[in-house]
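Reviewing the structure listed below.
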Amino acid sequence: MLCTTTTQLIGQTPVMSIAVPDRDTTLVLKIEKNNPGGSMKDRMARSMVLAAIEDGRLAPGGTIVESSSGNTGIGLALAALEFGLRFIAVVDHHAAPDKIRMMRALGAEIRYVEGDFPEDEVAVVERQRLAAQLGAQLPGALFMNQSDNPANPEGYAGFVDELMAQLPNGIDAFVGCVGTGGSMTGIAQRLKRHNPAVRTIAVEPAGSIVFGKPGHPYYQSGTGTPAGDEVGKVLDYACIDEGVQVTDTQAFETARYIARRKGLLVGGSTGGTIYKALEFIAAGKLFGTVVTPVADGGEKYLGSVFDDEWMAKRGLLDPAIADQLDAWLTARARAA
């Protein structure tokens, strides 16, 4: 197929297997960073824009407004270009600088929230407030509100369809990160329609409140729900078999490990899902074909997750994590 727009490149992302020695299990990564905007959020961004155009909430020449830590904003910037729309991204200091640069490069207008927030605090409540205000005040504008937008989870239908074709022998488990809940809900619901026995594990940062744990600041970007915010209405807890937390150190050290051992640059949240998937496999809780998406690429975090000085300054380096990963991914004796 000869594509004529960038958003036609969304989807059909490849899969890559990681063998887990001594276990009847394969960890499969779906390389969503190969989408044109560099993340799986491209899928839902286009889905939300198409739904808004089709039901008349967005007219030609209208304005999209959204609160984003970056990846959704990049996807919306691509969709805005395709459909001739203006896009305003409401961001805070927590967004990776390269994500903001990408949005600007694609023509997005950037609005920073005001306020004195700690470095590791996600100012999502203020972002949402400002985005809703702009959406209500600007003529022809629409606040996309990904957390409560049903077109968010609907955007992942293609992800599951592709997996069914790529893995014809079936999928036994899915491990994904949970933020708004759109990707986790859209993927888990559809996987369970194909096979109700599929195990679905949702991973949030330690400090996120999605599964009722106490909230505290965290550095993982674009995932989880910080204290003070509300869990998105798109999240369907019924399709999730277990919700777990991963620390910033576990997530970031795993991303660094995958880069150095496998030559694949993955983002911090993907490091977290890989760590928890391997932990569950080692404990005998998951088996067969276990899928986790590379939600975005590590190229956006070269100044943070992959920078030794940045990691050390925040106390996030821990060589014991690499030792643990080695134990899980080599043919050494297993404890479990």
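full-length UniProt numbering numbers the first residue of the sequence shown as 1 and each following residue consecutively.
Glycine included, each C-beta is placed from N, C-alpha and C at the ideal position.
A direct Cα-Cα distance of roughly 25 Å separates T200 from K262.
Secondary structure at Y112: strand, using DSSP grouped into helix, strand and coil.
D326 sits in a helix when the DSSP states are folded into three classes. Here the alpha carbon of V210 sits roughly 28 Å from the alpha carbon of T26. K30 sits in a strand when the DSSP states are folded into three classes. R256 and V175 have their C-alpha atoms spaced approximately 19 Å apart.
In chain order, L265 place their CB closer than 6 Å to the CB of E299, counting only its own chain and leaving out the 5 sequence neighbours on each side.
Counting only the Cα atoms, E32 lies some 24 Å from D92. Counting along the chain, the unbroken alpha helix (DSSP H) around G75 starts and ends at N71 to F83. If you compare the alpha carbons of G61, L29, M103 and E253 with that of D307, the shortest gap goes to E253. In the DSSP assignment, R86 falls outside any alpha helix (DSSP H) and lies within the beta strand (DSSP E) extending over R86 to V91.
When E126, A108 and L138 are compared, the shortest CA-CA separation from D116 is found for E126.
Following the DSSP letters along the chain, one finds P153 inside the alpha helix (DSSP H) bounded by residues A151 to E154. Judged by DSSP in its simplified three-state form, T13 adopts coil rather than helix or strand. Closest in C-alpha terms to G297, from the list A89, D98 and L81, comes D98. In the DSSP assignment, R199 falls outside any alpha helix (DSSP H) and lies within the beta strand (DSSP E) extending over R199 to P205. Residue burial is scored here from C-beta neighbours: G70 has at least 16 other C-beta atoms within 10 angstroms and is therefore classed as buried. Burial of M144 is indicated by the presence of at least 16 other C-beta atoms within 10 angstroms of its C-beta. No Cβ-Cβ contact shorter than 9 Å links C239 with M164.
Annotation for Q245: the continuous beta strand (DSSP E) segment containing it runs E242 to V246.
Collapsing the DSSP output to three states places C177 in a strand. In the three-state reduction of the DSSP assignment, L278 falls in the helix class. Straight across, the Cα-Cα distance linking G140 with V294 is about 35 Å.
Judged by beta-carbon spacing, R43 lies within the 9 Å limit of G155, meaning their Cβ atoms are closer than that value. Distance from the CA of N35 to the CA of L81, rounded to the nearest whole angstrom, comes to 16 Å. Residue environment: M48 is assigned as buried (16 or more neighbouring CB atoms within 10 Å of its CB, all protein chains considered).
Counting other Cβ atoms within 10 Å of its Cβ, Q12 stays below 16 and is therefore classed as exposed. With 16 or more other Cβ atoms from the protein chains shown falling within 10 Å of its own Cβ, K276 counts as buried. Of G107, L302, G288 and H194, the smallest CA-CA separation from V20 is found for G288. Taking G267 as reference, the option from Y219, P226, G243 and E279 with the minimal CA-CA separation is Y219.
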